[in-house]
Every structure is written in structure tokens, then in C-alpha cells.
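Enquirer: For the protein sequence lines, the chains are A and B, in the order given.
Quick note on the working numbering: the first sequence kicks off at 58 and runs consecutively.
Quick note on the working numbering: the second sequence kicks off at 97 and runs consecutively.
The beta-carbon is built from N, C-alpha and C at its ideal position, and this holds for glycine as well.
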Amino acid sequence: MGIDVTVKIGGEAGQGIQTVGQLLALTCQKAGLYVFAINDFESRIRGGHSFFQIRISDKQVRAPHHQVNMLVCLDRKTLEIHRDEMTTDGLIMLATKDAVDAAQGVLSIPLFDLASKAGSAITANTVAAGASLALLGAPLDLFSDIITRQFAEKSAELRRQNLAAAQLGYETVRGITFNSAFSWTGREPKGKLIEGSLSVALGALAADVRFAAFYPMSPATSIMGHLVNYADKFPLVVEQAEDEIAAANMVVGASFAGVRSMTATSGGGFCLMTEALGLAGMSETPIVIVNAQRPGPATGLPTRTAQADLHFVIRAAQDEFPRFVFAPGSPEDAYNTAARALHLAEKYQVPALILVDQYLLDSLYIIEEEFLVSDTIERFIEEAGDDISYKRYSCTQTGVSPRRIPCLGTSLVLANGNEHNEEGHSIESITERTNMVIKRNAKVPYMKAEMRPPQIAYGDAQILLVGWGSTAGAVYEAAGILRNVGMDCGVVHFADIWPFPGDAALSALGNAKQFFIVENNSTGQFAQLLRQETGLVPTAPILKFDGRPFYPIEIVKRIKEMAR
Amino acid sequence: MISISDFDVQYENKWCPGCGNFGILAAMKDALAKQGIAPHDILIISGIGQAAKTPEFMKCNMFHGLHGRALPLATGAKLANHRLKILVNTGDGDCYGEGGNHFMHAIRRNIDLTVLAHNNMVYGLTKGQASPTSERGMVTRIQNHGVIQESFNPLLVALALKAGFVARGFSGNIEHLSMLIQEGMKHRGFSLIDIFQPCVSFNSINTHKWYSDRVYEVTQDNHDPTDYDAALKKAREWGDLIPIGIIYKEEKPSFTDQIYGLAEGPLVERKFNPMPLREILHKM
Numbered sequence: 058m059g060i061d062v063t064v065k066i067g068g069e070a071g072q073g074i075q076t077v078g079q080l081l082a083l084t085c086q087k088a089g090l091y092v093f094a095i096n097d098f099e100s101r102i103r104g105g106h107s108f109f110q111i112r113i114s115d116k117q118v119r120a121p122h123h124q125v126n127m128l129v130c131l132d133r134k135t136l137e138i139h140r141d142e143m144t145t146d147g148l149i150m151l152a153t154k155d156a157v158d159a160a161q162g163v164l165s166i167p168l169f170d171l172a173s174k175a176g177s178a179i180t181a182n183t184v185a186a187g188a189s190l191a192l193l194g195a196p197l198d199l200f201s202d203i204i205t206r207q208f209a210e211k212s213a214e215l216r217r218q219n220l221a222a223a224q225l226g227y228e229t230v231r232g233i234t235f236n237s238a239f240s241w242t243g244r245e246p247k248g249k250l251i252e253g254s255l256s257v258a259l260g261a262l263a264a265d266v267r268f269a270a271f272y273p274m275s276p277a278t279s280i281m282g283h284l285v286n287y288a289d290k291f292p293l294v295v296e297q298a299e300d301e302i303a304a305a306n307m308v309v310g311a312s313f314a315g316v317r318s319m320t321a322t323s324g325g326g327f328c329l330m331t332e333a334l335g336l337a338g339m340s341e342t343p344i345v346i347v348n349a350q351r352p353g354p355a356t357g358l359p360t361r362t363a364q365a366d367l368h369f370v371i372r373a374a375q376d377e378f379p380r381f382v383f384a385p386g387s388p389e390d391a392y393n394t395a396a397r398a399l400h401l402a403e404k405y406q407v408p409a410l411i412l413v414d415q416y417l418l419d420s421l422y423i424i425e426e427e428f429l430v431s432d433t434i435e436r437f438i439e440e441a442g443d444d445i446s447y448k449r450y451s452c453t454q455t456g457v458s459p460r461r462i463p464c465l466g467t468s469l470v471l472a473n474g475n476e477h478n479e480e481g482h483s484i485e486s487i488t489e490r491t492n493m494v495i496k497r498n499a500k501v502p503y504m505k506a507e508m509r510p511p512q513i514a515y516g517d518a519q520i521l522l523v524g525w526g527s528t529a530g531a532v533y534e535a536a537g538i539l540r541n542v543g544m545d546c547g548v549v550h551f552a553d554i555w556p557f558p559g560d561a562a563l564s565a566l567g568n569a570k571q572f573f574i575v576e577n578n579s580t581g582q583f584a585q586l587l588r589q590e591t592g593l594v595p596t597a598p599i600l601k602f603d604g605r606p607f608y609p610i611e612i613v614k615r616i617k618e619m620a621r
Numbered sequence: 097m098i099s100i101s102d103f104d105v106q107y108e109n110k111w112c113p114g115c116g117n118f119g120i121l122a123a124m125k126d127a128l129a130k131q132g133i134a135p136h137d138i139l140i141i142s143g144i145g146q147a148a149k150t151p152e153f154m155k156c157n158m159f160h161g162l163h164g165r166a167l168p169l170a171t172g173a174k175l176a177n178h179r180l181k182i183l184v185n186t187g188d189g190d191c192y193g194e195g196g197n198h199f200m201h202a203i204r205r206n207i208d209l210t211v212l213a214h215n216n217m218v219y220g221l222t223k224g225q226a227s228p229t230s231e232r233g234m235v236t237r238i239q240n241h242g243v244i245q246e247s248f249n250p251l252l253v254a255l256a257l258k259a260g261f262v263a264r265g266f267s268g269n270i271e272h273l274s275m276l277i278q279e280g281m282k283h284r285g286f287s288l289i290d291i292f293q294p295c296v297s298f299n300s301i302n303t304h305k306w307y308s309d310r311v312y313e314v315t316q317d318n319h320d321p322t323d324y325d326a327a328l329k330k331a332r333e334w335g336d337l338i339p340i341g342i343i344y345k346e347e348k349p350s351f352t353d354q355i356y357g358l359a360e361g362p363l364v365e366r367k368f369n370p371m372p373l374r375e376i377l378h379k380m
């Protein structure tokens, strides 16, 4: 039996749960284990309830597990909320004021007193982590090394306190046995520990993004935070704009002036960006917008996850214009997609949208695939010529006009959000309007040819699970569980969404006996899109719209109920 | 040698005959020619409105963008290539209404743009509704009992935000306006030139004569444009006499002068280097 242990640390916002979660994950990675972790928190800075849930395994894991082997409660609320999630032999670690006591699966530890003893009550999280690792059988020095490394740039005092806290936690539970403990030796570290948001930022850097503007909004801000962290090493400027309207217009302006540009926001901010999205469409200026979905409408649930903006991004802004929409299903794909979006936006002079969500961005993954960085960037920009006959919107067979950059030559570059002629001047004439619409739409077949078909596993199976975007991990794991119990189950996962790869969808699903579409929304938006584009109708949808990600077991249960 | 006629364009002008915009267009061409700036060396960015059509009517690089959004569009372009010389043509509705937030924050950034705010105190393109600068009491087909809001004072707002170049021009004084545009373009940082302009179709109050009867050049008063308090006073002058000219001027580092990542040159000119990212990935 392999290792598959889930540890959940819960408490109030401000208790350092995410920080200690990161330390735990790094410790596991260093020990050569795989982890997958979700961050669940409320829209507040102090108080409330938040948790970090890490799944530790000796095999790659890409979805959260529904049962908890160890529940670490920094407050009583954690115990009340999550008690029912425990496995039968699970262990609850409870912060108390009393002495250490272990009885009936509950281990009481004076976490805060021990933290004070280490030098500061704020290190209760580190005491808990030290105790958890001890119970799981991990050697202390593994954890101490990670603390030393992570606190290298912090004060010596803070480092000392955390090391002491880890040791106190570790020693306090010595001698207490835990059924889920396992051996921590004999493995080499695998790959890198990465959060989804970082993979998006790195992918953008790989495609030479040089300008990013944004207005802070969960859960998208972290992408911009990563870009800022690295900006000094690149020809890159990140600007916090006065609002999302400004951010999106700045991105259009910077792209027009010759650099690859992007922004990241969430649904509400994207609402404000739709005007500039249309401007990019009309003026044929390449831009990339990341929409990190969260439940809505309006403010909705700011710190939670959803996949309910699919129709919105495909249709956002008035009238019609070509655009790309991508929905990566993993951090590896998020890296490649961010790079591809910048590349393809420029190649076709259209906006490209990347749909991610809180779940994909805020989760921690182990990635083994190498993130590739190409030596050169293919730009789709003409040398600034000196011919005065240059026309920014000249009609071509592919609809893509040769693009030049203003003020780099003597030819004039005229961009316009008004309907325009080939030169770029505003027009009203019937013929010119018609020709320009046809020209812009002429790109679509070429754009469609760029779309990757869905990723397929066991495509001939009796039951196909269909997913798009961030549900990939849960969908694949659910299919694996079903196969293990003898059900003939496969997966079809879409990451390239628009222009819709209809032929590939038809060939993947056209002959399916039964297929079920898994989505984090309430109306089955992808199912509607699939029907619109191919006429195919799923056997049933599997929907979840409570703001939380799918557990594989939820999909398994629905399939067992519904599959014939 | 660049001449005014170098900016002439084969494209039909769509303003009403007698529109104040013609004077502004003439002053722009004159200011550019006098500075020796060729059409291909200037980028003009505009929003939406009669004012925002200006770059269509002269030879230049142009981005005719969205209503109210000329300033962020121009800010993005300037950040991508801070060597660009950028003029922004905008109107009182475009800049002070729809784009009010961007106006405030472009000033705060001190981004090096020269903003020509064609201020005719009325909406022209949408046919005569009140604008943010319409005077109290002005009756329109929409404000049929007269405007009841306070009129927006762009100079005072710009001064409150410590804009480094605040001026007012008049479309009826092309030579003076050309001087202001040249000075504004020379100024390193955000320059606001609010320009009085009659709307012959929809504003029967603030006519060419109305402006001509009132405007006087601040230099007549020995106004010191480096004196902030004196500038605040000038910006509040309204009535029988209204000042035009450079109201306030302060040298300070522009936005792009202060951005760490731009010290090595404009973003658009830099070469792609895969090494820093490879190092980051390697260290992870």
C-alpha cells in the first residue's frame, strides 16, 4: 500500500496557516514525496476560519482527498467544522491550555504555551507543524533545514524562534504512535514545488511579456505579485492601475507601442475590462487577459473558486470579433498556455483570454516536467519601413495585416477603435465596414487550426468523463478510481476552448456511449457550448457551484449513481 | 525643415464649419513644425468625441481609442517606449467626465504626456448635453431646467494634484496656443493644456466672442508660474476676466524617469534574453 496521507491545518486568518503549510510542503518535497495542497480562506485578514490541506503521497497527486488523516486545530472552530472528515483511525491535534494528553484519537497539546516558550506565541503554527511531522515519522532536521532556508532573509531572532518552536513541537509528541506514519527515507526530491499562480507568471516571462498592468483583485493578484518579484531581472514593467479599465487600456497602449503585454483579474474586474477587450478586438492589438475565476455574480465569494465565466469570456464585449480562450488544467499547462497565449495573440493580432480559477492558482503542486525557455521569441512585427503607402489594416487572405510599430520608421501607424479603412482612418461606408468585418473574421479558421484537441485517456471507454480547465486532476483521479473498481471509464479534457475545436470534440465524443461533463458551475456552460458547436449532448452534467473544488470521490459517486 | 503643410492629410474633416477645433488643429501643426517634429515622429492618442477626432485630420501616428480612456492608453504606450512624443487630444466630457479617474491618476503618476483638453463646455458629438465644465444654469435639451451641478474646474483639480505643467489656451489665439503646446511638450512630465473652444452648434453662451471678451494672458499680470499659491489664485479667476497662459510650472522627475526597469532604455528596444528565466527555474 502506498502513501496517501492528508493533513489539514485549520485556524483563524492571521495564524500563519498558509506559511506553515508552505513549510510542510517544502519538507515533503525535500523528502522526495509528492504533495498537492489547497488553501481555503475567507475574505478577511484576521479571524474567521481558514485551512491548509495537504495531501502527501509517494505517487503524483493532483486533487484534494475528501478524508483527513490528521486534523490540526489551532482553534475550536476547526474541530467543529472538520471533525466529520476524519478517517476512522485519524488523529486530531488540538491546541489546549492543558498538558499533553492523547485519548480516543484526540491529542491535546498546549501549542500556544509551547510557542511562548520558544519565544513567541505567533509560532504556534510551527509548533503544530513540528508535532505533525514527528507523528508522521519525519526526521526533525529535514524540517529544520527548510525553516533555516525559508527564514534565511528574515531576522536571526525569528529564525531561532521558529527552529525552537519546531523542536518543541517535535519533542512533545515523541513516543506517541500514529497509524498513518510512514518512512521518510530513501527518496530523491522530485521536481519543484510550485503554486499555480507562479506557473502562469513564469509562462508569461518565457514568452517575453514586458508590460503588465492590473488592479488588485483576488485571486488574480498573486500572478502580478510573482511578476513584480522577478521584474528587476527582465525588461518588464508592472503597473498597478487606478482601476481595471485603466489596466486593460494601458495593456492595449503598450502592445500598440511594441511590447508584449498582459493583465490579470477576476470576473468583476474583467467586467470593467470588456470595453478595452473590444478595443483590442477592433484595433487588432494583441493582448492577454487572465481571468482568475471566483464565484459571482457581483462580489460573490472573493476567495473561492468557480468555472462560471466561460460564456462570459467567449462573448464579452459588444459585436463580434475573433479571440482565443484557453483554460489550462494543470500548472504545467498553465505555464505553456501563458506563453502560447502571448505568442498566438501576437501572431493573429487578437486578444487572448486565459481562464484559470482560485483553485488552480492558490494550490501547491509538485511538477516534474521541465519548464522550457526558448532561445528566441518569434515576433510578428514588420521592420519599421519607410514606405509611406503602409496601411495598418491592409486586407489579406488570412485577415492578418502586416503590423508595424509607431515612431520606429517613417511609415505612419494608425490604430482605431472606430470602424476604419485599411489605412486606419474612421469610415462610415458600407463596403469598407463590410470588408473590415470579413477581414477580421478571416482569421478564425487559421486560429481554429492552432487549437489543441482535448487530452484523451481511454477514449474508447464505455463511460467518458469530460472536463475543462482546472478540474483535470479530479477528473483523472475519479476515472482511475472507477477503473480500479472495474468500470470502463476514460477522460476527455479540454484546455483550448475558443475558437472551439469542434472537429476534435466530435471525434472524441461523437461515438461515446455515455459521457458526463464535470464543471464548477450551476448550468453546465461547457455542455451548452459543446451542444452549440457539435450538437452533442452529455448523458448528464456533474456540477458543483459551492465555491469549492471537486473531490474525486464526488465525481465517482455521481457516476456510480448515473452510469448505466 | 518641417512645415505645417507636411501635416496635411487626404481625409475629409468632419467638424462643423467655424468649430474651435480648427484653431487647435492649426496650433498643433504649428507647434510640431516649429519643434522640427515630423509626422512620423509624433504619436497622437485620443479618446472619443469631436476633440478626439483631431489626429484623424492630420498626418501622424494615431490611436483613436475609447471614450474617456485616452490617458491610460497613452500611459501604456509611453511605458512601452518612453522615447515616444505623445500628444493626447481629449475633450471636457472625455477627460473630465468619462475619464475623470484616469485624469487624476495620470497627474499623480506625472507621466510625460501633453494633454490637449478641448473644452467647449458642452457635449458636441452627442448633440448638446451639459458637460462637466458647463456653467451652472446652462439650459440644454436634457438639462431643461438648467445645470444644477458645480462646474468642474480642471486647472484647480490639476493643481490640487500637483501637476507639473498647468496651462489654459484659447482656440481663437493660435500663436499663443502653439507656444503653450511647445512649452507643454518640452516639459518633462504631465502637462495639461485646457483649451477654451467655442462649440458653434450647441453652446450659444460660451461663444467665440464670449471667450474673446474675457481672456487675457497671465504674462500681462506678471504672474509667476512657479508660485503655487499664485497659481491657485489664477486658476480660480472666473467672470469678466479669465486668464490664459502657463498657470503653473514645476520641474520634477517624470514617471518613466523613476521606474527602475526603464533605466536601461525603452522596453521596446531591449533584446530578449532567455538566461534570467532559466536561472530562476534552475534555482526553484
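Please report how far the alpha carbon of Ala644(A) lies from the alpha carbon of Ser267(B), in whole angstroms.
Expert: Nothing in the structure corresponds to residue 644(A), since chain A is present only between 58 and 621.
Enquirer: Anything in chain B within Cβ reach of Thr433(A), meaning under 9 angstroms, just list it in chain order.
Expert: Within 9 angstroms Cβ-Cβ: Phe368, Pro370.
Enquirer: What beta strand (DSSP E) runs, 3 residues minimum, are completely inside the region 91 to 148 of chain A?
Expert: With a minimum length of 3 residues, the continuous beta strand (DSSP E) runs that stay inside the region 91 to 148 of chain A are 91 to 97, 104 to 114, 125 to 130.
Enquirer: In this structure, what does DSSP give as the bridge partners for His477(A)?
Expert: For His477(A), which the question treats as bridged, DSSP gives the partners Ser483(A).
Enquirer: Rounded to whole angstroms, what's the CA-CA distance from Phe268(A) to Arg588(A)? Just pull it up for me.
Expert: Approximately 38 angstroms, taken between the alpha carbons.
Enquirer: Listing by chain order, which chain B residues have their CB less than 8 angstroms from the CB of Ser468(A)?
Expert: By Cβ distance, chain B contributes His136.
Enquirer: Determine, for Gly325(A), whether the minimum Cβ-Cβ distance to residues of chain B falls below 9 angstroms.
Expert: So no, Gly325(A) is outside the interface.
Enquirer: In the structure shown, what three-state DSSP assignment does Arg436(A) receive?
Expert: The answer is coil: DSSP assigns Arg436(A) none of H, G, I, E or B.
Enquirer: Given this structure, state the Cα-to-Cα distance separating Thr234(A) from Gly194(A), to the nearest angstrom.
Expert: Rounded to the nearest angstrom, the two C-alpha atoms are 9 angstroms apart.
Enquirer: Would you mind reading off the limits of the beta strand (DSSP E) that contains Ile342(B)?
Expert: First-last of the beta strand (DSSP E) with Ile342(B): 338 to 345.
Enquirer: Can you pull out the residues from the region 339 to 361 of chain B whose beta carbon lies closer than 8 angstroms to at least one beta carbon of chain A?
Expert: Hits within the stretch, in order: Ile355, Tyr356, Gly357, Leu358, Glu360.
Enquirer: Can you tell which of Ile302(A), Arg361(A), Val494(A), His283(A) has its C-alpha closest to the C-alpha of Phe98(A)?
Expert: Checked all of Ile302(A), Arg361(A), Val494(A), His283(A); the closest Cα to Phe98(A) is Arg361(A).
Enquirer: Using a Cβ-Cβ cutoff of less than 7 angstroms, which residues in the same chain neighbour Leu80(A) once the five nearest sequence positions on both sides are dropped?
Expert: Cβ within range, chain order: Ala186, Ile203, Ile204, Gln207.
Enquirer: Nearest by alpha-carbon distance to Arg179(B): which of Pro370(B), Val364(B), Ser300(B), Gly145(B) is it?
Expert: Here the closest residue by C-alpha is Val364(B).
Enquirer: Is it true that the region 595 to 612 of chain A meets the region 117 to 129 of chain A, where meeting means three or more beta-carbon pairs spaced less than 8 angstroms apart?
Expert: Verdict: yes, contact present.
Enquirer: Where Tyr312(B) and Ala311(A) are concerned, what is the direct C-alpha to C-alpha distance, given to the nearest angstrom?
Expert: Their Cα atoms are separated by approximately 40 angstroms.
Enquirer: Within 8 angstroms, do at least three Cβ pairs link the region 89 to 107 of chain A to the region 238 to 250 of chain A?
Expert: Short answer: they touch.
Enquirer: Between Pro250(B) and chain A, is the shortest Cβ-Cβ distance under 9 angstroms, so that the two count as touching?
Expert: Closer than 9 angstroms: no.
Enquirer: Between Lys496(A), Lys617(A), Pro510(A), Glu479(A), which lies nearest to Gly543(A) when the distance is taken from Cα to Cα?
Expert: It is Lys617(A).
Enquirer: Please say whether Val157(A) and Val230(A) have beta carbons closer to each other than 9 angstroms?
Expert: In contact: Val230(A) and Val157(A) (Cβ atoms closer than 9 angstroms).
Enquirer: Looking at chain A, is there any beta carbon in it that lies within less than 9 angstroms of the beta carbon of Ile100(B)?
Expert: So no, Ile100(B) is outside the interface.
Enquirer: Please work out which residues of its chain come closer than 7 angstroms, Cβ to Cβ, to Ile424(A), disregarding the five sequence neighbours upstream and downstream, and give them in chain order.
Expert: Excluding residues within five positions, the ones whose Cβ falls inside 7 angstroms are Gly248, Lys249, Ile251, Pro388, Glu389.
Enquirer: Can the beta-carbon of Arg264(B) be found closer than 9 angstroms to that of Leu255(B)?
Expert: No, these two residues do not count as a Cβ contact at 9 angstroms.
Enquirer: Mind checking if Phe108(A) is an interface residue toward chain B, Cβ cutoff 9 angstroms exclusive?
Expert: With 9 angstroms as the cut-off, Phe108(A) does not count as an interface residue toward chain B.
Enquirer: Could you tell me the boundaries of the beta strand (DSSP E) in which Asp553(A) lies?
Expert: Where Asp553(A) is concerned, the enclosing beta strand (DSSP E) stretches over 553 to 555.
Enquirer: Distance cutoff 9 angstroms, beta carbons only. Does Tyr107(B) sit that close to anything in chain A?
Expert: Judged by the 9 angstroms Cβ criterion, Tyr107(B) is in contact with chain A.
Enquirer: Let's test the definition: count the other Cβ atoms within 10 Å of the Cβ of Val295(A) and tell me whether it reaches 16, buried, or not, exposed.
Expert: Result: buried.
Enquirer: According to DSSP, simplified to helix, strand and coil, what is Ile599(A)?
Expert: Ile599(A) falls in the strand class under three-state DSSP.
Enquirer: Under 8 angstroms Cβ-Cβ, which residues of chain B neighbour Arg206(A)?
Expert: Within chain B, no residue comes near Arg206(A); the closest Cβ sits about 12 angstroms away, beyond 8 angstroms.
Enquirer: Excluding sequence positions up to five away, which residues of its chain have a Cβ less than 6 angstroms from the Cβ of His435(B)?
Expert: Summary: the structure shown does not reach residue 435(B), with chain B confined to residues 97 through 380, and so no result is reported for it.
Enquirer: Could you list which residues in chain B have their beta carbon closer than 7 angstroms to that of Phe313(A), in chain order?
Expert: The contacting residues are Phe159, Ala173.
Enquirer: In chain order, what residues of the region 177 to 211 of chain B put their CB closer than 7 angstroms to some CB of chain A?
Expert: Residues passing the 7 angstroms Cβ filter: Asn177, Leu180, Asn197, His198, His201.
Enquirer: If contact means a Cβ-Cβ distance below 7 angstroms, which residues of the region 80 to 94 of chain A contact chain B?
Expert: Here the close residues number zero.
Enquirer: With 7 angstroms as the C-beta to C-beta threshold (strictly closer), list the residues of the region 150 to 178 of chain A near chain B in chain order.
Expert: From the region 150 to 178 of chain A, no residue has a Cβ closer than 7 angstroms to chain B.
Enquirer: Within this structure, are the beta carbons of Val345(A) and Ser318(A) separated by less than 9 angstroms?
Expert: Yes; because the gap between Cβ atoms is below 9 angstroms, this pair is in contact.
Enquirer: Could you pull the DSSP bridge partners for Asp290(B) from this structure?
Expert: According to DSSP, which records beta bridges pairwise, Asp290(B) is partnered with Ala213(B), Arg264(B).
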